[in-house]
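**Q** Take a look at this one; I'll ask things after.
Protein chains in written order, with the working numbering: chain W, 54 to 227; chain R, 54 to 227.
Next comes the structure, spelled out in structure tokens:
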């Protein structure tokens with residue numbers, strides 16, 4: 054499917070409500086449970102999404118529009134949340150993400166992107182030349198991927214509790 | 054993690070709202086897109102979850118409580134929705150699932166399950182002896198797995214649109 058700005062915004066707009074329905078007031082045992090060493094809990098994922106709003110999507114879109122390929126993006130710290138959101142509650146993080154996503158969508162709206170602007174190129178510090186539409190498509194897929202990661206981390210808590218049904222449940226082995 | 058009835062109900066209760074926030078009024082291109090031949094679209098998944106409420110979880114729990122291992126469950130048709138929900142709209146399916154899930158949770162409440170009842174055994178037509186707590190754990194994991202399937206099917210629509218970011222997005226290759 055080709056990138057379509059209206060559809061991408063429509064999906065990005067939904068993520069705070071999806072996270073709220075999955076996670077708000079979830080028992081702590083579930084919110085802080087991960088898939089094993091080096092993996093992330095739902096709590097970690099929300100912190101990571103917050104850092105994305107602050108340091109990745111809109112800031113990078115602005116760099117593309119302003120500097121094109123002449124200035125590379127700042128590298129993105131995928132683990133920033135382990136320091137930044139450590140002492141906050143899950144409810145605080147969900148509130149913060151909801152607010153930041155609203156601001157990001159206003160920022161996107163404010164760019165008044167015309168179709169020909171979507172092909173504008175920027176420079177990723179590792180990947181090289183990328184376009185604005187690729188950045189915005191990645192934002193959509195990144196949201197969906199992390200929702201998938203949250204439900205996978207949750208599902209795996211019942212890995213043993215499901216007994217003989219385990220091989221019927223592919224999420225347990227992904 | 055051990056199965057806990059209250060926590061399981063808490064997760065099962067959330068699924069209709071999660072599906073609503075992901076899917077209600079989603080552009081049809083996205084709601085009907087799948088991961089390729091033999092795979093399911095978000096629309097198909099909601100139809101499958103409806104059939105689970107009607108024919109799987111509560112009906113099987115009742116069989117365990119009433120007949121124990123003396124009567125095997127009816128086999129569950131994983132593809133029933135291709136016939137049953139074909140002519141309905143996604144909005145109708147979401148409404149129906151929400152209503153049915155509410156009824157299922159009332160049904161579960163009405164069973165007044167005491168801890169010692171959770172170990173009661175039933176007979177799965179293929180897997181053999183299973184317990185009530187394994188059935189209820191499977192219900193939870195099944196919900197989460199299908200939410201994961203929905204976001205994966207959606208993410209894959211932008212498989213190419215993300216350009217060079219593709220290897221950074223593991224959901225695209227799951």
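For every residue, glycine included, the Cβ atom is placed at its ideal position computed from N, Cα and C.
When the Cβ atoms of the region 114-132 of chain W are set against those of the region 169-180 of chain W, are three or more pairs found closer than 8 Å?
**A** yes
**Q** Who are the Cβ neighbours of residue 93 (chain W) in its own chain at under 8 Å, not counting the five residues just before and after it?
**A** 87, 101, 202 and 206
**Q** Cβ atoms of residue 218 (chain W) and residue 143 (chain R): under 8 Å apart, would you say?
**A** no
**Q** Of all the CB atoms in chain R, is at least one closer than 8 Å to the CB of residue 152 (chain W)?
**A** no
**Q** Can you give me the C-alpha to C-alpha distance between residue 178 (chain R) and residue 116 (chain R), rounded to a whole angstrom?
**A** Those two C-alpha atoms are separated by around 13 Å.
**Q** Please report the distance separating the alpha-carbon of residue 68 (chain R) from that of residue 60 (chain R).
**A** Cα to Cα, the separation comes out at about 13 Å.
**Q** Quick check on DSSP: helix, strand or coil for residue 181 (chain R)?
**A** strand
**Q** Could you tell me the distance, in whole angstroms, from the CA atom of residue 82 (chain R) to the CA atom of residue 154 (chain W)?
**A** 24 Å
**Q** Mind the definition here: the region 128-141 of chain W touches the region 97-111 of chain W only if three or more C-beta pairs lie below 8 Å; say whether that holds.
**A** yes
**Q** Check each residue of the region 127-155 of chain W: if its Cβ is closer than 8 Å to any Cβ of chain R, include it; give the result in chain order.
**A** none
**Q** For the alpha helix (DSSP H) holding residue 112 (chain W), just list the boundary residues, first then last.
**A** Residue 112 (chain W) -> alpha helix (DSSP H) spans 110-120.
**Q** Taking the CB atoms as reference points, tell me whether residue 211 (chain R) and residue 56 (chain W) lie closer together than 8 Å.
**A** yes
**Q** Classify residue 186 (chain R): buried if its beta carbon has 16 or more other beta carbons within 10 angstroms, exposed otherwise.
**A** Buried, because 16 or more other Cβ atoms sit within 10 Å of the Cβ of residue 186 (chain R).
**Q** Can you have a look at residue 78 (chain R) and say buried or exposed, based on whether 16 or more other CB atoms are within 10 angstroms of its CB?
**A** Using a 10 angstroms sphere on the CB of residue 78 (chain R), the tally of other CB atoms stays under 16, which defines it as exposed.
**Q** With distances taken Cα to Cα, identify the nearest neighbour of residue 213 (chain R) among W:189, W:215, W:107 and W:118.
**A** Considering only alpha carbons, the answer is W:189.
**Q** Using only alpha-carbon positions, find the residue among R:198, R:191, R:208 and R:200 that is nearest to residue 109 (chain R).
**A** When each option's Cα is compared against that of residue 109 (chain R), the closest is R:191.
**Q** Decide if residue 209 (chain W) is buried, meaning its Cβ has at least 16 other Cβ atoms within 10 Å, or exposed.
**A** buried
**Q** Count the other CB atoms within 10 Å of the CB of residue 89 (chain R); is the residue buried (16 or more) or exposed (fewer)?
**A** Burial call: exposed.
**Q** Rounded to whole angstroms, how far is the Cβ of residue 183 (chain W) from the Cβ of residue 198 (chain R), which I believe are closer than 8 Å?
**A** Rounded to whole angstroms, the Cβ separation of residue 183 (chain W) and residue 198 (chain R) is 33 Å, and the two are not in contact under 8 Å.
**Q** Go ahead and pull the three-state DSSP assignment for residue 176 (chain R).
**A** strand
**Q** Flag this pair as yes or no: are the beta carbons of residue 150 (chain W) and residue 103 (chain W) separated by less than 8 Å?
**A** Closer than 8 Å, so yes.
**Q** Based on Cα-Cα distance, which residue from W:65, W:118, W:227 and W:76 lies nearest to residue 145 (chain W)?
**A** W:76
**Q** So residue 227 (chain R) contacts chain W; which residues on that side make the cut at Cβ distance below 8 Å?
**A** 201 and 227
**Q** Could you tell me how far apart the beta carbons of residue 65 (chain W) and residue 193 (chain W) are, in whole angstroms, since I believe they sit closer than 8 Å?
**A** 6 Å
**Q** So, residue 58 (chain W) versus residue 166 (chain W), is the Cβ gap smaller than 8 Å?
**A** yes
**Q** Look at the alpha carbon of residue 162 (chain R) and the alpha carbon of residue 196 (chain R), and state the distance between them as a whole number of angstroms.
**A** Computed Cα separation, rounded: 19 Å.
**Q** Considering Cα atoms alone, identify which of W:112, W:62, W:72 and W:223 is closest to residue 200 (chain W).
**A** Comparing Cα-Cα distances from residue 200 (chain W) to each of W:112, W:62, W:72 and W:223, the minimum goes to W:72.
**Q** DSSP on residue 86 (chain R), reduced to helix/strand/coil?
**A** coil
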